[in-house]
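To keep things clear, I will list the structure first and then write my remarks on it.
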Amino acid sequence: MINDIPTDATITIRIIKNFEYRTVKNLVLRNIKLETTTIGDLKKLVIEKINATPTFKPFRNVDYGI
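Numbering (the numbering used here), first residue to last: 265 to 330.
If you want it as structure tokens, here you go:
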């Protein structure tokens with residue numbers, strides 16, 4: 265019965281370019297394996313998505329400190 269619990273999740277991450285001008289965009293990551301995904305993996309995935317998705321082009325030149 266415990267094995268029937270889904271371990272995939274949809275995570276919404278808020279990407280903030282500038283606090284002063286409120287430049288913010290949400291990044292939705294689907295099918296994230298909660299049991300196996302580490303914080304490091306999640307950080308790498310976020311950077312990959314920012315660099316690969318055209319709507320995040322203005323956010324690519326920001327050092328997010330991760």
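Note that beta-carbon positions come from the ideal geometry of N, C-alpha and C, so glycine has one too.
Check	Outcome
Hey, how far is the Cα of residue 305 from the Cα of residue 283?	26 Å
Give the DSSP-derived three-state secondary structure of residue 298 in the structure shown.	coil
How should residue 280 be labelled, buried or exposed, when 16 other C-beta atoms within 10 angstroms of its C-beta is the threshold for buried?	exposed
Just to confirm my understanding: we take residue 294, look at its own chain, exclude 5 residues before and 5 after, and list those with CB closer than 6 Å. What are they?	274
With a 10 Å radius around its C-beta and 16 neighbouring C-beta atoms as the bar for buried, classify residue 269 as buried or exposed.	exposed
Taking all protein chains shown into account, do 16 or more other C-beta atoms lie within 10 angstroms of the C-beta of residue 311, making it buried, or fewer, making it exposed?	exposed
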